[in-house]
Structures are given as C-alpha cells and as structure tokens.
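Written out below as structure tokens is the structure these notes cover.
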Amino acid sequence: MTILVITGTGTEVGKTVTTAAVAAVGVASGRSVAVLKAAQTGVRPDERGDADEVARLAGDVTARELARYPDPLAPATAARRSGLPPVHPEDVAEAAAKLAVDHDL
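Numbered by this note's numbering, the letters in the sequence shown go through residues 22 to 126 in order.
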C-alpha cells in the first residue's frame, strides 16, 4: 500500500478537498483507496465529518475516522476538554496497517 499523508495548519486551508481530489484520482485509475482521519474536531456525533465529505466527493473509497471531539480545537486540546481519550500515533499506525491489507492507496 502506498501511504500519502496530507496535512496542513489551520482550518479551511483545503486539506479535505485535496484529500478528496487525490482519492478520486486513485479511484479513477483503478486503485482501492482508503482515507483515514485520525481526529475530527468541531463536529458532533450526529454530524458529517471530513471523512464523510471525502467519501462523498471521491466516490468509492473506504473512509475511517478514529476519534471525534465536539470542540473546534487542536485534537489534543479538544480531547482533554471533552474528557475523551486522545489519539496516539500508534493508534494511527495500527489503523493504517489494517487498511493497508485491503487497499493499495
């Protein structure tokens, strides 16, 4: 599996749309695509998050989200404020490894 990390600082800088575009290109070229959002902040449990938006825009992708925090803050701060466990790097690595079994991007 090829792993591509898309990151950026700040909100509304285009990370979700960029991820969807890359995923759509992968799908269009016949690849099995998975998208992993480690921590979604500023979204309640009943709302659509970034992973949902990527799936909507990109088409046939597997979209996973590891944690969701209601406050629109940096993930560690949002986790602390909400009393929920933070996402650790090893959690992300484990989830990516599981997705890699059935996906090539």
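Think of the CB as a built atom: it goes at the ideal place given N, C-alpha and C, for glycine as much as any other residue. Just so you know, these numbers come straight off a predicted model, no measurement behind them.
Near residue i, what residues of its chain come up, given a Cβ to Cβ distance below 8 Å and the 5 sequence neighbours on each side ignored?
{"i": "residue 97", "result": "107"}
{"i": "residue 81", "result": "48 and 54"}
By the 10 Å Cβ neighbour count, where 16 or more other Cβ atoms means buried, how is residue i classified, buried or exposed?
{"i": "residue 25", "result": "exposed"}
{"i": "residue 77", "result": "exposed"}
{"i": "residue 89", "result": "buried"}
{"i": "residue 30", "result": "exposed"}
How long is the line joining the alpha carbons of residue i and residue j, rounded to whole angstroms?
{"i": "residue 105", "j": "residue 35", "result": "27 Å"}
{"i": "residue 73", "j": "residue 56", "result": "10 Å"}
{"i": "residue 125", "j": "residue 63", "result": "30 Å"}
{"i": "residue 118", "j": "residue 85", "result": "13 Å"}
{"i": "residue 58", "j": "residue 75", "result": "10 Å"}
Grab me the residues of residue i's own chain with a C-beta within less than 7 Å of its C-beta, minus the 5 sequence neighbours each way, in chain order.
{"i": "residue 39", "result": "27"}
I'd like to know whether the C-beta atoms of residue i and residue j end up nearer to each other than 7 Å.
{"i": "residue 65", "j": "residue 91", "result": "yes"}
### Query
Does the stretch 65–83 come close enough to the stretch 106–114 to have 3 or more Cβ pairs within less than 8 Å?
no
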